[in-house]
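Colleague: Could you have a look at this structure, given as structure tokens, before my questions?
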Amino acid sequence: MRVELVNTGTELLLGDTINTNAAWIGQRLAALGVQVARQTIVPDGAIIRVAIAEAAQRSDVVLVSGGLGPTNDDLTRESTAELLSLDMELNAGVMEHLSAYFAKRGKPVSEATKRQAMVPRGATVLPNAFGTAPGLYFPAELGAPLGWNAHLFLLPGPPRELKPMVENEVETRLREWLPDGASRRVLYLKVTGVGESDIVEAVEKQLEAIAGLDLGYCIRNGDVDVRLAGPSAAVNAGAAVVRGALGDCIVSEDRRIIEEVIVQLLTDRGEWVSTAESCTGGTIASRITDVSGSSRVFGHGWVTYANEAKQQHLGVSAELIETHGAVSEEVARAMAEGALKKSGADHAISVTGIAGPTGGTPEKPVGTVWIALASKNAETWAQKRFSPGSRDRFKLLTSQAALEMLRRRLMGIALRP
0 MRVELVNTGT
10 ELLLGDTINT
20 NAAWIGQRLA
30 ALGVQVARQT
40 IVPDGAIIRV
50 AIAEAAQRSD
60 VVLVSGGLGP
70 TNDDLTREST
80 AELLSLDMEL
90 NAGVMEHLSA
100 YFAKRGKPVS
110 EATKRQAMVP
120 RGATVLPNAF
130 GTAPGLYFPA
140 ELGAPLGWNA
150 HLFLLPGPPR
160 ELKPMVENEV
170 ETRLREWLPD
180 GASRRVLYLK
190 VTGVGESDIV
200 EAVEKQLEAI
210 AGLDLGYCIR
220 NGDVDVRLAG
230 PSAAVNAGAA
240 VVRGALGDCI
250 VSEDRRIIEE
260 VIVQLLTDRG
270 EWVSTAESCT
280 GGTIASRITD
290 VSGSSRVFGH
300 GWVTYANEAK
310 QQHLGVSAEL
320 IETHGAVSEE
330 VARAMAEGAL
340 KKSGADHAIS
350 VTGIAGPTGG
360 TPEKPVGTVW
370 IALASKNAET
380 WAQKRFSPGS
390 RDRFKLLTSQ
400 AALEMLRRRL
410 MGIALRP
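In terms of numbering that gives the first Met the number 0, the sequence shown opens at residue 0 and continues consecutively.
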């Protein structure tokens with residue numbers, strides 16, 4: 000099944016709005032075993048009609064997002080009606096929805112909003128529980144006079160309206176249309192602490208030998224997603240290969256990111272973590288607290304950028320800093336152990352390093368960082384890493400390494416060299 004996306008809106012081309020809908024739809028359809036073949040972005044205007052016609056000529060299903068609102072530049076509905084030579088008619092059900100929607104807000108239905116109740120004859124209305132613009136479905140036979148046989152969906156642009164419609168209306172139909180045996184399984188194994196080239200060397204030859212298995216890699220926020228797609232038997236065989244080669248480096252197989260895994264592990268254990276950060280400026284704490292439910296497992300977060308702050312808030316001695324330097328194993332350990340003691344948490348992570356672009360020396364170049372993890376019932380771990388590059392990249396990779404150290408401690412896995 001060939002599925003194509005047409006995204007409408009001048010704001011997408013100008014960069015004023017990031018097109019998150021396309022990425023989300025791609026992920027949802029991949030989970031069904033359906034791959035998006037192409038996506039197109041077009042500005043508001045007559046070109047919408049051209050883009051829909053071209054997509055319908057080469058695809059089985061076309062999903063169009065945006066342009067269903069009440070303003071003069073919302074032209075998707077009218078453009079599609081003109082393309083298919085369909086008359087517009089007032090839909091009583093949509094009008095009733097609009098009246099109820101605005102009555103709850105103490106407002107009348109404006110003349111501009113009534114445009115959204117005008118529906119091309121022959122189209123099926125897709126209800127919108129979170130907004131005013133209904134979606135529309137045009138069965139494939141409506142395109143027969145134009146020489147194409149594509150199912151066409153018009154979807155609202157706002158993600159909070161589009162997503163439920165895709166889940167409840169589009170995916171239901173796609174499952175019905177998939178021929179028996181055509182459904183494919185997709186599995187993402189999220190690997191951390193191992194570079195893409197090392198992963199390829201470890202697993203690719205064995206995976207390529209599995210009949211029917213499609214393989215892909217995607218670097219994402221310091222991790223590598225290994226994507227396996229195909230019949231269940233092929234995916235299961237591929238997953239066994241990856242697990243055998245990369246084992247404890249696999250963070251998740253359900254697309255959860257490492258901080259989500261950590262929050263769940265801490266929750267299951269009834270434990271708390273605190274952080275003491277220098278060069279990452281609170282990035283580790285931010286990543287943990289971005290996860291829903293983190294208030295049950297995150298205690299304190301210190302950003303001790305200055306040496307005086309390390310001494311005052313974490314109890315790191317001035318003599319230790321003077322002797323070994325702020326960027327050292329000894330100071331990283333003292334920061335973690337001080338944070339553990341002062342917070343009363345079960346675990347405390349610390350980082351101290353040189354983010355750059357200045358501040359490096361031949362002995363400690365820019366990108367050098369020490370990470371430490373102190374725990375109530377285990378020895379303190381400390382590890383030196385080198386992550387040169389921009390400050391943003393340094394913070395990302397350092398926070399990723401710190402979180403991976405904590406994940407390994409929580410899972411009882413040895414620290415990788």
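Ideal Cβ positions, reconstructed from N, Cα and C, are used throughout, including at glycine.
Nothing here was measured: the structure is a model prediction, and the numbers come from that model.
On the CB-based measure, 16 or more other CB atoms within 10 Å of its CB, does N6 come out buried or exposed?
Modeller: Stepping through the sequence shown from its first residue, residue 6 is reached at position 7. That one is buried.
Colleague: Check the DSSP bridge columns for H150 and list the partner residues they point to.
Modeller: Taking the sequence shown and counting its residues from 1, the one referred to as residue 150 is at position 151. According to DSSP, which records beta bridges pairwise, H150 is partnered with V60.
Colleague: Please list, in chain order, all residues of the same chain as K394 whose beta carbon is under 6 Å from its beta carbon, the five residues on each side excluded.
Modeller: In the sequence shown, counting from the first residue as 1, residue 394 sits at position 395. Counting only Cβ-Cβ distances below 6 Å, and skipping sequence neighbours, we find T279, T282.
Colleague: Starting from S374, trace the beta strand (DSSP E) both ways and give me its first and last residue.
Modeller: The residue you call residue 374 lines up with position 375 of the sequence shown. Per DSSP, S374 belongs to the beta strand (DSSP E) from 367-374.
Colleague: Taking a contact to mean a Cβ-Cβ separation below 8 Å, would you say L62 touches V124 in this structure?
Modeller: Start at 1 with the first residue of the sequence shown, and residue 62 comes out as number 63. Start at 1 with the first residue of the sequence shown, and residue 124 comes out as number 125. Cβ distance not < 8 Å, so L62 and V124 don't count as in contact.
Colleague: So is R48 buried or exposed if we call it buried at 16+ other beta carbons inside 10 Å?
Modeller: Residue 48 sits at position 49 when you count from the first residue of the sequence shown. Buried is the call here.
Colleague: Taking 8 Å as the cut-off, decide whether the C-beta atoms of V190 and V225 are in contact.
Modeller: Counting from 1 along the sequence shown, the entry for residue 190 is found at position 191. Counting from 1 along the sequence shown, the entry for residue 225 is found at position 226. In this structure, V225 lies closer than 8 Å to V190 by Cβ.
Colleague: What ranges does the alpha helix (DSSP H) occupy inside the stretch 271-329, keeping only unbroken runs of at least 4 residues that lie completely in it?
Modeller: 282-288, 306-313, 317-323, all fully within the stretch 271-329.
Colleague: For G130, which of R407, F152, P163 has the nearest alpha-carbon?
Modeller: Translated into positions along the sequence shown, residue 130 becomes position 131. For the residues R407, F152, P163, the minimum Cα distance to G130 belongs to P163.
Colleague: Report the three-state DSSP secondary structure of Q34 (helix, strand or coil).
Modeller: What you label residue 34 is simply residue 35 of the sequence shown in a count that begins at 1. Looking at Q34 - three-state DSSP - the assignment turns out to be coil, as it is neither helix nor strand.
Colleague: Go ahead and label N90 buried or exposed: buried means 16 or more other beta carbons lie within 10 angstroms of its beta carbon, across all protein chains shown.
Modeller: Working through the sequence shown from its first residue, we reach residue 90 at position 91. When all chains shown are included, N90 counts as buried.
Colleague: Count Cβ pairs between the stretch 205-219 and the stretch 235-249 that sit closer than 8 Å; are there 3 or more?
Modeller: Contact holds: three or more Cβ-Cβ distances are below 8 Å.
Colleague: Sort V365, A22, T274 by Cα distance to A331 and report the nearest one.
Modeller: Position 332 of the sequence shown, counted from the start, is the residue given in the question as residue 331. Of V365, A22, T274, the residue nearest in Cα terms is T274.
Colleague: Assuming V272 and G314 make a contact with CB atoms under 8 Å, what is their CB distance in whole Å?
Modeller: In the sequence shown, residue 272 corresponds to position 273, counting from 1. In the sequence shown, residue 314 corresponds to position 315, counting from 1. V272 to G314, Cβ: 19 Å. No contact.
Colleague: With 16 other CB atoms within 10 Å as the buried threshold, where does W380 fall?
Modeller: Here residue 380 refers to the residue found at position 381 when the sequence shown is read from its first residue. W380 comes out buried.
Colleague: Which residues does DSSP pair with C217 in a beta bridge?
Modeller: On the sequence shown, residue 217 is found 218 positions in, with the first residue counted as 1. In DSSP, C217 forms a bridge with D224.
Colleague: By how many angstroms is the C-alpha of V93 removed from the C-alpha of C217?
Modeller: Within the sequence shown, numbered from 1, the residue matching residue 217 stands at position 218. Within the sequence shown, numbered from 1, the residue matching residue 93 stands at position 94. Each residue's Cα considered, the two are about 42 Å apart.
Colleague: From D345, S389, D86, V193, pick the residue whose C-alpha is nearest to that of V429; which is it?
Modeller: Since the first and last residues shown for the chain are 0 and 416, residue 429 lies out of range.
Colleague: Tell me S349's beta-bridge partners as DSSP assigns them.
Modeller: For the purposes of this step, residue 349 is taken as the residue at position 350 of the sequence shown. S349 pairs with A275, A371.
Colleague: Which first and last residues belong to the alpha helix (DSSP H) in which R76 is found?
Modeller: Working through the sequence shown from its first residue, we reach residue 76 at position 77. Looking at the DSSP string, the run of the alpha helix (DSSP H) that includes R76 is 75-82.
Colleague: Would you kindly check if the distance between the Cβ of G65 and the Cβ of G156 is under 8 Å?
Modeller: Taking the first residue of the sequence shown as 1, we reach residue 156 at position 157. Taking the first residue of the sequence shown as 1, we reach residue 65 at position 66. It is a contact, given that the beta carbons lie within the stated cut-off.
Colleague: Quick test of your reading: R406 and I257, contact by CB under 8 Å. State the CB separation rounded to the nearest angstrom.
Modeller: As a position in the sequence shown, residue 406 is number 407, starting the count at 1. As a position in the sequence shown, residue 257 is number 258, starting the count at 1. Correct: roughly 6 Å between the Cβ atoms.
Colleague: Among Q34, E321, P119, L145, which residue has its Cα nearest to the Cα of F152?
Modeller: Here residue 152 refers to the residue found at position 153 when the sequence shown is read from its first residue. Comparing Cα-Cα distances from F152 to each of Q34, E321, P119, L145, the minimum goes to P119.
Colleague: Sort V199, S58, W301 by Cα distance to A149 and report the nearest one.
Modeller: Translated into the one-based positions of the sequence shown, residue 149 becomes position 150. Taking only the C-alpha atoms, the option nearest A149 is S58.
Colleague: Can you tell me whether Q26 is buried or exposed, with buried defined as 16 or more other CB within 10 angstroms of its CB?
Modeller: Mapped onto the sequence shown, residue 26 falls at position 27. By the neighbour-count rule (16 or more Cβ atoms within 10 Å), Q26 is not buried but exposed.
Colleague: In terms of alpha-carbon separation, which member of D253, L188, S84, R114 lies closest to A143?
Modeller: Start at 1 with the first residue of the sequence shown, and residue 143 comes out as number 144. Out of D253, L188, S84, R114, S84 has the C-alpha closest to the C-alpha of A143.
Colleague: Grab the span of the beta strand (DSSP E) containing Q382 for me, first residue to last.
Modeller: In the sequence shown, residue 382 corresponds to position 383, counting from 1. Where Q382 is concerned, the enclosing beta strand (DSSP E) stretches over 377-385.
Colleague: With distances taken Cα to Cα, identify the nearest neighbour of A29 among A354, P364, G229, Q311.
Modeller: Position 30 of the sequence shown holds residue 29. If we check each option's Cα against that of A29, G229 comes out closest.
Colleague: Along the chain, where does the alpha helix (DSSP H) that runs through G243 open and close?
Modeller: Position 244 of the sequence shown, counted from the start, is the residue given in the question as residue 243. Here the alpha helix (DSSP H) through G243 covers 231-245.
Colleague: Could you tell me which residues DSSP pairs with S98 in its beta bridges?
Modeller: The count along the sequence shown starts at 1 and reaches residue 98 at position 99. BP columns for S98 are empty, so no partner.
Colleague: Alpha carbon to alpha carbon, what distance is there between L13 and A54?
Modeller: Taking the sequence shown and counting its residues from 1, the one referred to as residue 54 is at position 55. Taking the sequence shown and counting its residues from 1, the one referred to as residue 13 is at position 14. For A54 and L13, the distance between alpha carbons rounds to 22 Å.
Colleague: Is K340 helix, strand or coil by DSSP?
Modeller: In the sequence shown, the residue the question calls residue 340 occupies position 341. Correct three-state label for K340: helix.
Colleague: How about A333 and L372: do their beta carbons lie closer than 8 Å?
Modeller: Your numbering for residue 333 matches position 334 in the sequence shown. Your numbering for residue 372 matches position 373 in the sequence shown. The answer is no: Cβ separation not under 8 Å.
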